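When we follow my numbering, the leftmost residue of the first sequence carries the number 96, and every step to the right adds one. The C-beta atom is built at its ideal place from N, Cα and C for all residues, glycine as well. Nothing here was measured: the structure is a model prediction, and the numbers come from that model. Quick notes on the structure that follows.
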Amino acid sequence: MIKAITGTKDILPNEISDWKHLESIVNTIFTSFNYKEIRTPIFEETSLFARGIGEETDIVGKEMYTFIDRSGTSVTLKPEMTASVVRAFIEHSLGKLQPLNKFFYISPMFRQERPQAGRQRQFHQFGGEALGSTSPLLDAELIIIAYQILISLGLKDLTVKINSLGIPASRENYKKLLRDYLKDKKHKLSEDSRKRYDMNVLRIFDSKVESDQEILKDAPLIIDHIDEESKRDFEIVKEILDKSNIPYEIDPKLVRGLDYYSKTTFEIISGKVGSQSALCGGGRYDLLVEQLGGTATPGVGFAAGIERILLACENEKSLNIPAENIDLYVVKLDENLSSEVFDLGLKFRKENLAVEFDYLNRSVKAQMREANKLKARFVLFVGGDEYKSGKLNLKNMSTGDQQLIQIPDAGIISEIINSHIHSDSKEK
RNA sequence: GUGGGCAUAGCUCAGUUGGUUAGAGUAUCAGGUUGUGGCCCUGAGGGUCGUGGGUUCAAAUCCCACUGCCCACCCCA
Numbered sequence: 096m097i098k099a100i101t102g103t104k105d106i107l108p109n110e111i112s113d114w115k116h117l118e119s120i121v122n123t124i125f126t127s128f129n130y131k132e133i134r135t136p137i138f139e140e141t142s143l144f145a146r147g148i149g150e151e152t153d154i155v156g157k158e159m160y161t162f163i164d165r166s167g168t169s170v171t172l173k174p175e176m177t178a179s180v181v182r183a184f185i186e187h188s189l190g191k192l193q194p195l196n197k198f199f200y201i202s203p204m205f206r207q208e209r210p211q212a213g214r215q216r217q218f219h220q221f222g223g224e225a226l227g228s229t230s231p232l233l234d235a236e237l238i239i240i241a242y243q244i245l246i247s248l249g250l251k252d253l254t255v256k257i258n259s260l261g262i263p264a265s266r267e268n269y270k271k272l273l274r275d276y277l278k279d280k281k282h283k284l285s286e287d288s289r290k291r292y293d294m295n296v297l298r299i300f301d302s303k304v305e306s307d308q309e310i311l312k313d314a315p316l317i318i319d320h321i322d323e324e325s326k327r328d329f330e331i332v333k334e335i336l337d338k339s340n341i342p343y344e345i346d347p348k349l350v351r352g353l354d355y356y357s358k359t360t361f362e363i364i365s366g367k368v369g370s371q372s373a374l375c376g377g378g379r380y381d382l383l384v385e386q387l388g389g390t391a392t393p394g395v396g397f398a399a400g401i402e403r404i405l406l407a408c409e410n411e412k413s414l415n416i417p418a419e420n421i422d423l424y425v426v427k428l429d430e431n432l433s434s435e436v437f438d439l440g441l442k443f444r445k446e447n448l449a450v451e452f453d454y455l456n457r458s459v460k461a462q463m464r465e466a467n468k469l470k471a472r473f474v475l476f477v478g479g480d481e482y483k484s485g486k487l488n489l490k491n492m493s494t495g496d497q498q499l500i501q502i503p504d505a506g507i508i509s510e511i512i513n514s515h516i517h518s519d520s521k522e523k
């Protein structure tokens, strides 16, 4: 049997209503903040990610789906969206059309890691990017958007974490401080952390090894050593979150793994998804556009993992999307009426009703069971005595009531069904 | 890349110290009087017990290898 590639998953029809629900919330909330949807290709030239995300990062170093195409170009399935959005922003000179551009997206991403709970090789993210302003209003706005989307999905066990990494100059100073602090303790660190000491000291904070965290207890914190401007912006972000009633914690150990971040970084984690608890992560990247060859343009953004969010929803039982009803099931009482039933079905479908009937020549009982299983609001019986006298029986499946309708009158029937649907939605 | 666990019907799982035609629930299909659903009842189909090898008179059960899945580490969404 041929199976889906390791780390990929089919999204089957019975899960689609959850996905559509999430997508519609993402769309509505971003639109209310005037973010415009952007779609970029599924793959890019490899150098875009290498330069954008950083050669030293794990994503670029060991997780990218990279291959050489038939023309000899090295291409890579996108492992994240920010680099692609920035590329499109530069390529189409969007910064020249208007000073501030706000984008959102929903898209699959690819990283070749070992799958586990909340981690796949093809996974899906939605996210937002705001390009063209250093204003911390945008940092806060994006946190608010992300939080609102998660709340709208009914999630409760959420923690918003924020931190500031400062501008590159202050961060370099801080790295020196941290290295000095760790210098004589280096031999006590775990093997991984010793590697991080040379590669990227900041990430020692990510270590889950207890002895490492013990050593870090008295380490200098980046938040105490950032520049004045970053400090001021961070205060503004906190003020806005306070005013907007977004609960948050300052996590001085929140150091994000991608090279392009500066100043504000943030993460929203859930206690309901296992070990990979980050539902959402983001931050400011004021130097990325210039680094990728555009004119210097500040930016800020976040990405959220859809599979992790839906997993959290499932574990919190926060989504109760009812299975989709159909409007009408046409039951055939006589075997030789197949084409009549088919034609009637077409008529109602033209009225935009969701209609189904039997294709398998099954018994009336089986057809009724099917209608029930499909949650049909109405059943229309075709055949028998009333059919001979030019009438059809229409049955309301929730009340059991039946009424006779003149055959040619598709209009009346769809009117009855539609008024029933409207009164339904009013009740809700 | 490293470590641990698991692999029996579409799905969730039972299968005792190796011993007859491998079971249940659920789902599917058909029936429960000739034209009407949900509940209930009856019946049917469906498994090369992950794959390959070994031990044995005898393997779903013991041993080995392989593959796949799950979880965790690294890192991230």
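So, isoleucine 500 versus isoleucine 508, is the Cβ gap smaller than 7 Å?
yes
Counting C-beta neighbours from all protein chains within 10 Å, is the total for proline 417 16 or more, i.e. buried, or is it exposed?
exposed
Under a three-way DSSP split, which group does phenylalanine 184 fall into?
helix
By DSSP, does alanine 466 sit in helix, in strand, or in coil?
helix
The ligand MG and methionine 159: does any heavy atom of the ligand fall closer than 6 Å to the residue's C-beta?
Of ligands this structure carries none, so the ligand MG is not represented either.
Would lysine 303 and tyrosine 292 be called neighbours here (beta carbons separated by less than 7 Å)?
no
Glycine 400 by DSSP, collapsed to three states: which one?
strand
Pick out the complete beta strand (DSSP E) segments inside the stretch 226-312, 3 residues or longer, and give them in chain order.
253-259
Arginine 472: first and last residue of the uninterrupted beta strand (DSSP E) it sits in
471-477
Enumerate in chain order the residues of its own chain whose CB-to-CB distance from proline 203 is below 6 Å, with the five nearest sequence positions on each side excluded.
Gln217 and His219
Please report the Cβ distance between phenylalanine 112 and glutamate 430, rounded to the nearest whole angstrom; I am assuming they are in contact, meaning their Cβ atoms lie under 8 Å.
According to the sequence shown, residue 112 is serine rather than phenylalanine. Rounded, the Cβ-Cβ distance is 35 Å, inconsistent with contact.
Beta strand (DSSP E) runs wholly inside the stretch 361-444, at least 3 long, in chain order
373-379, 394-400 and 421-427
Using a threshold of 7 Å, state whether the C-beta atoms of leucine 172 and phenylalanine 138 are closer than that.
yes
Out of curiosity, what's the CA-to-CA distance linking glutamate 208 and threonine 103?
11 Å
Cutting at 6 Å between CB atoms, please list the residues of its own chain near alanine 183, excluding the five before and the five after it.
Thr135
Count the other CB atoms within 10 Å of the CB of arginine 403; is the residue buried (16 or more) or exposed (fewer)?
buried
Cutoff 6 Å; reference glutamate 344; Cβ partners in own chain excluding five residues on either side
Lys256
Could you give the DSSP three-state label for arginine 571: helix, strand or coil?
Because the chain here runs from 96 to 523, residue 571 falls outside it and cannot be looked at.
Keeping to the same chain, check which residues put their C-beta closer than 8 Å to that of valine 350; ignore five residues upstream and five downstream.
Asn258, Leu260, Leu297, Arg298, Phe300, Asp301, Ile317 and Thr360
Taking only three categories from DSSP, how would you classify isoleucine 502?
coil
What residue range is occupied by the uninterrupted beta strand (DSSP E) comprising leucine 487?
486-491
Any contact of the stretch 225-240 with the stretch 157-172, i.e. 3+ C-beta pairs under 8 Å?
no
Is the stretch 185-202 in contact with the stretch 117-133, if contact means three or more CB pairs nearer than 8 Å?
yes
Buried or exposed by the 16-neighbour rule on C-beta atoms within 10 Å, applied to glutamate 236:
buried
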